[in-house]
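In full-length UniProt numbering, the protein residues as written are 1 to 307.
Take a look at the structure below.
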């Protein structure tokens with residue numbers, strides 16, 4: 001029995017150690033197997049926890065990144081925008097962190113289970129074949145779900161949109177309220193909530209990413225003095241840019257006057273534009289209309305209806 005135990009433990013350092021300590025006990029191979037299985041399980045859980053800690057640290061660092069509005073002058077409104085951007089980064093980072101944690105757990109614990117089965121001399125080839133066939137069957141039955149998840153992952157990785165953005169997702173247009181790997185929740189201007197599956201979104205128009213643009217067309221009579229109208233509009237643009245309430249919180253570049261945008265037999269159409277912070281274009285456009293109307297009235301230049 002002693003020689004048989006020695007032969008069995010010849011290529012196993014754990015078994016050899018146990019056999020040496022307990023004078024080649026007959027149960028040494030079984031004990032060695034149980035010890036190795038225990039060590040594999042412990043190592044797998046330790047490695048899993050380490051991976052989760054690393055992912056959590058990376059997620060926290062990504063969620064507290066610099067603000068997109070830091071390049072602009074600070075104001076009361078930009079504080080609210082920064083809060084939305086922070087929430088957007090946080091949600092995207094936490095979603096990707098959750099996915100990475102699940103992937104790490106499946107890979108590490110799955111490898112540990114297969115290693116334990118191999119250590120117990122249980123053939124794993126039939127098991128892997130069965131799992132592969134089952135995976136293919138589930139894949140065919142859940143194609144739409146897999147498509148939604150893959151589209152959601154790429155959407156988050158590429159930062160196509162986030163919470164607080166106003167987007168045109170095709171089936172619906174509205175403000176993004178929540179983003180998951182499977183669906184995007186939007187609320188339109190009527191207050192209606194839309195749940196759009198990520199896999200059905202083939203194109204996205206984002207009105208809130210980076211910056212927006214406000215513009216106004218100013219139609220005047222055909223015989224109006226082009227130079228005088230242009231000078232007046234440029235003066236309005238300078239006033240808007242000089243207004244600290246707008247410059248610090250809404251407008252990021254001095255408004256521009258593009259001159260005659262359209263020409264007809266009854267009117268000349270001038271265009272004035274302003275680059276704004278995301279989603280601030282409507283408010284800036286309203287302010288431009290008020291100031292342009294007031295300036296035209298003061299100068300005695302009437303506006304006309306366009307054809």
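The beta-carbon is built from N, C-alpha and C at its ideal position, and this holds for glycine as well.
Open item on the list: Could you tell me which whole alpha helix (DSSP H) segments of length 4 or greater appear in the region 212-293?
Closed with: 226-242, 244-247
Open item on the list: Closest to residue 260 by C-alpha separation, out of 112, 223, 284, 245, would be which residue?
Closed with: The residue you call residue 260 lines up with position 260 of the chain shown. That would be 223, whose Cα lies nearest to the Cα of residue 260.
Task: Cβ-based burial, residue 97 [other Cβ within 10 Å; buried from 16] - done: Within the chain shown, numbered from 1, the residue matching residue 97 stands at position 97. When all chains shown are included, residue 97 counts as buried.
Task: Identity of the residues DSSP links to residue 168 by a beta bridge - done: On the chain shown, residue 168 is found 168 positions in, with the first residue counted as 1. DSSP, once it has assigned bridges, lists 173, 205 as partnering residue 168.
- [ ] Kindly identify the DSSP beta-bridge partner or partners of residue 303.
- [x] Within the chain shown, residue 303 is the residue found at index 303, counting from 1. Answer is 220.
TODO: Using three-state DSSP, classify residue 163 as helix, strand or coil.
DONE: To locate residue 163, count along the chain shown from 1; it is residue 163. Residue state, collapsed to three classes: coil.
Task: For residue 240 and residue 73, the rounded distance between their alpha carbons - done: Locating residue 73 in the chain shown gives position 73, where the first residue counts as 1. Locating residue 240 in the chain shown gives position 240, where the first residue counts as 1. With a pLDDT of only 45 at residue 73, under 50, the local geometry of the prediction cannot be trusted, and no value is derived from it.
Task: Reduced DSSP category for residue 53 - H, G, I as helix; E, B as strand; rest coil - done: Taking the first residue of the chain shown as position 1, residue 53 is located at position 53. Three-state result, residue 53: helix.
Open item on the list: Once DSSP output is grouped into helix, strand and coil, what is the label at residue 142?
Closed with: If you number the chain shown from 1, residue 142 lands on position 142. Coil at residue 142, not helix or strand.
Open item on the list: Going by C-alpha to C-alpha distance, which of 173, 286, 49, 44 sits closest to residue 191?
Closed with: Indexing the chain shown from 1 puts residue 191 at position 191. Considering only alpha carbons, the answer is 173.
Open item on the list: Check whether the region 122-138 and the region 50-59 touch, using three or more Cβ-Cβ pairs below 8 angstroms as the test.
Closed with: no
Open item on the list: For a quick check, are the C-beta atoms of residue 236 and residue 291 less than 7 angstroms apart?
Closed with: Working through the chain shown from its first residue, we reach residue 236 at position 236. Working through the chain shown from its first residue, we reach residue 291 at position 291. Cβ atoms of residue 236 and residue 291: closer than 7 angstroms.
- [ ] Can you grab the Cα-Cα spacing for the pair residue 315 / residue 63, in whole Å?
- [x] A question about residue 315 goes unanswered here, because the residues of the chain that appear run from 1 up to 307.
Task: Under the three-state DSSP convention, the category residue 95 falls into - done: To locate residue 95, count along the chain shown from 1; it is residue 95. Helix, per DSSP.
Open item on the list: How far does the beta strand (DSSP E) with residue 181 in it extend, from its first residue to its last?
Closed with: The residue you call residue 181 lines up with position 181 of the chain shown. Neither: residue 181 is in no beta strand (DSSP E) and is coded neither H nor E.
TODO: Go through its chain and collect everything with a Cβ distance to residue 299's Cβ below 6 angstroms, but skip five positions before and after it.
DONE: For this step, residue 299 is matched to residue 299 along the chain shown. Counting only Cβ-Cβ distances below 6 angstroms, and skipping sequence neighbours, we find 232.
Open item on the list: Please classify residue 284 as buried or exposed, where buried requires at least 16 neighbouring CB atoms within 10 angstroms.
Closed with: In the chain shown, counting from the first residue as 1, residue 284 sits at position 284. It counts as buried.
Open item on the list: Let me confirm a value: residue 60 is counted as buried when at least 16 other C-beta atoms fall within 10 Å, else exposed. Which label applies?
Closed with: In the chain shown, counting from the first residue as 1, residue 60 sits at position 60. It is exposed - the Cβ of residue 60 has fewer than 16 other Cβ atoms within 10 Å.
- [ ] Provide the residue(s) that pair with residue 196 in DSSP beta bridges, ordered along the chain.
- [x] Along the chain shown, one-based indexing puts residue 196 at 196. Per DSSP, 184.
Open item on the list: Considering only their Cβ atoms, is the gap separating residue 133 from residue 48 smaller than 7 angstroms?
Closed with: Counted from its first residue, the chain shown places residue 48 at position 48. Counted from its first residue, the chain shown places residue 133 at position 133. Against a cut-off of 7 angstroms, the Cβ pair of residue 133 and residue 48 comes out as no contact.
- [ ] Let me know the secondary structure DSSP gives residue 121 once reduced to three states.
- [x] Within the chain shown, residue 121 is the residue found at index 121, counting from 1. Coil, per DSSP.
Open item on the list: Pairs of beta-carbons, one from the region 208-224 and one from the region 271-289, closer than 8 angstroms: are there three or more?
Closed with: yes
Open item on the list: Quick check on DSSP: helix, strand or coil for residue 135?
Closed with: Counted from its first residue, the chain shown places residue 135 at position 135. Helix, per DSSP.
Task: For residue 111, the three-state DSSP class (helix, strand or coil) - done: On the chain shown, residue 111 is found 111 positions in, with the first residue counted as 1. The answer is helix: DSSP assigns residue 111 an H, G or I state.
Task: Expected contact under 8 angstroms - CB spacing of residue 183 and residue 198 to nearest Å - done: Your numbering for residue 183 matches position 183 in the chain shown. Your numbering for residue 198 matches position 198 in the chain shown. About 7 angstroms separates the two Cβ atoms, so the contact holds.
Task: Cβ shell of residue 294 (< 8 angstroms), same chain only, five flanking positions each side left out - done: Taking the first residue of the chain shown as position 1, residue 294 is located at position 294. Same-chain partners within the cutoff: there are none.
Open item on the list: Less than 7 angstroms between the beta carbons of residue 181 and residue 152, yes or no?
Closed with: For the purposes of this step, residue 181 is taken as residue 181 along the chain shown, with counting starting at 1. For the purposes of this step, residue 152 is taken as residue 152 along the chain shown, with counting starting at 1. For residue 181 and residue 152, yes; Cβs fall inside 7 angstroms.
Task: Simplified DSSP assignment, three categories, for residue 190 - done: The residue given as residue 190 occupies position 190 in the chain shown. Reduced to three states, the DSSP call for residue 190 is coil.
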